[in-house]
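Q:
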Amino acid sequence: MSGAYYWRRLGYALITLFVIMTLNFIIFRIMPGDPVSLVLSPEFTPEVRQMLREMYGLDQPLWTQYLLYMKNTLAFDFGRSFVTRQPVLRELLARLPNTLMLLGTAFVLNVVVGVVLGIKMATRQGSRLETGVTGVSLFLNAMPSFFVGLLLLLTFGYYWPIFPIRGTMSVPPPTEFWPIIFDRIHHMILPVTAVSLSGYGSWYLYTRNNVIGALGQDYVLTARAKGLTQREVLYRHAFRSVLPPIVTLVFLSLPGLITGAVITESIFSLYGVGRYLVDATLQQDYPVVQGCFFVIALAVLACNLLADLVYGLVDPRIRLR
């Protein structure tokens, strides 16, 4: 692996981040409406309005606002929310653990269940079990995630009220350690199930199709002719050859979890980053939206770089010049 390749990729990532930050600044400056009107009553005096403009830096020339925005954003200082008047970074960090708990658990379940099932069913192609699992996976993969969430809410939150239908904690919340843990898990079961059911199908289908294609390659036939066991042929030859694109897909799918958080957290009324972004967009809370967009862009670029690095590590056939 050439070190110059990674430096070049890092340079492209920095340029992309600069372009995204610039567009992030321009879009919210050309949108209609006055940000001050969102936080001030029309009855306030011009002096108070001017004081608020100075507080948010809106009285500065556009070029000065741009430089100040770039400096603060790179320092993760996203300013204060127009609605809550609280620092955006503080509110993001307060909501982040709930989002990581939801989407991290669902993502691990998606990958593990989808990849393991895909490998197993690839060796049973044409059987009734494989046909049934593939049919169910295709059906769930075609269903929108919000529809799966609504069905779960209707079934297990309304008709059979086994799980809570909203929030991340009970009201009032428990006070002891283990009751707090169990209460959070109880609230997360339905959201995690919704994300897992709507997401595992793509991993299953991708893994199954690639392993089936690898099992028909010449090097797999040669391995079988040498007398290797079915397990050795499957995992040491067939699966290893399709591992690089799966690993790449893992890293490239991580930023997309935030998109799933927007829908799932809104349906289940969870206190997370996705719902925070939705509420800020509806309320035209520009500092919050800009901060969320920057974090999302940073996550996408970081995952792309990690995918490039790991791809080269898991596939020794790659030689970059």
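Just so we're on the same page, this note's numbering is the position in the sequence shown counted from 1, plus 6.
The beta carbon of each residue, even a glycine, is placed where N, CA and C say it ideally should be.
Since the model is a prediction, treat every value here as computed from it, not as a measurement.
Could you work out which residue in Met27, Val121 and Val316 is closest to Leu211 when comparing CA atoms only?
A: Ranking the options by Cα distance to Leu211, first place goes to Val121.
Q: Within 10 Å of its beta-carbon, does Val142 have 16 or more other beta-carbons around it, so buried, or fewer, so exposed?
A: When all chains shown are included, Val142 counts as exposed.
Q: Compute the beta-carbon to beta-carbon distance between Thr79 and Phe300, rounded to the nearest angstrom, for a pair I have assumed lies under 8 Å.
A: Their Cβ separation, rounded to whole angstroms, is 6 Å, which keeps Thr79 and Phe300 in contact under 8 Å.
Q: For the pair the stretch 104–111 and the stretch 188–197, tell me if three or more CB-CB distances fall below 8 Å.
A: The answer is yes - the stretch 188–197 touches the stretch 104–111, with three or more Cβ pairs under 8 Å.
Q: Once you ignore the five residues that flank Pro185 on each side, which residues in its own chain have a CB closer than 8 Å to its CB?
A: Correct list: empty, nothing qualifies.
Q: Classify Arg130 as helix, strand or coil using the three-state DSSP reduction.
A: If DSSP states are grouped into helix, strand and coil, Arg130 belongs with coil.
Q: With 16 other CB atoms within 10 Å as the buried threshold, where does Glu97 fall?
A: It is buried - the Cβ of Glu97 has at least 16 other Cβ atoms within 10 Å.
Q: How big is the Cα-Cα spacing for Arg327 and Val25?
A: Summary for Arg327: the model assigns pLDDT 48, below 50, so the residue's position carries little reliability, and this model does not support an answer.
Q: Smallest Cα separation from Thr287: which of Ile218, Ser87 and Lys232?
A: Nearest option by C-alpha distance: Ser87.
Q: Relative to the alpha-carbon of Leu73, which residue among Arg281, Phe169 and Phe31 has its alpha-carbon at the smallest distance?
A: Out of Arg281, Phe169 and Phe31, Phe31 has the C-alpha closest to the C-alpha of Leu73.
Q: Please report how far the alpha carbon of Val117 lies from the alpha carbon of Met127, in whole angstroms.
A: Each residue's Cα considered, the two are about 15 Å apart.
Q: With which residues is Arg86 paired in a DSSP beta bridge?
A: Partner(s): Pro93.
Q: Does the structure place the stretch 301–308 close enough to the stretch 16–23 that three or more beta carbon pairs sit under 8 Å?
A: With a cut-off of 8 Å, the stretch 301–308 and the stretch 16–23 count as touching, because enough Cβ pairs lie within range.
Q: Which of helix, strand or coil does DSSP assign to Pro67?
A: Here Pro67 sits in coil by DSSP.
Q: Given 8 Å as the limit, is there contact between the stretch 131–150 and the stretch 224–232, that is, 3 or more CB pairs closer than that?
A: These segments do not touch.
Q: Tell me whether the beta-carbon of Val256 lies closer than 7 Å to the beta-carbon of Asn216.
A: Against a cut-off of 7 Å, the Cβ pair of Asn216 and Val256 comes out as no contact.
Q: Output the residue ranges of the alpha helix (DSSP H) runs that lie fully inside the stretch 205–272 and measure 4 residues or longer, sorted by chain position.
A: Qualifying alpha helix (DSSP H) stretches, in chain order: 224–231 and 245–259.
Q: Rounding to the nearest angstrom, what Cα-Cα distance links Val89 and Val295 in this structure?
A: For Val89 and Val295, the distance between alpha carbons rounds to 12 Å.
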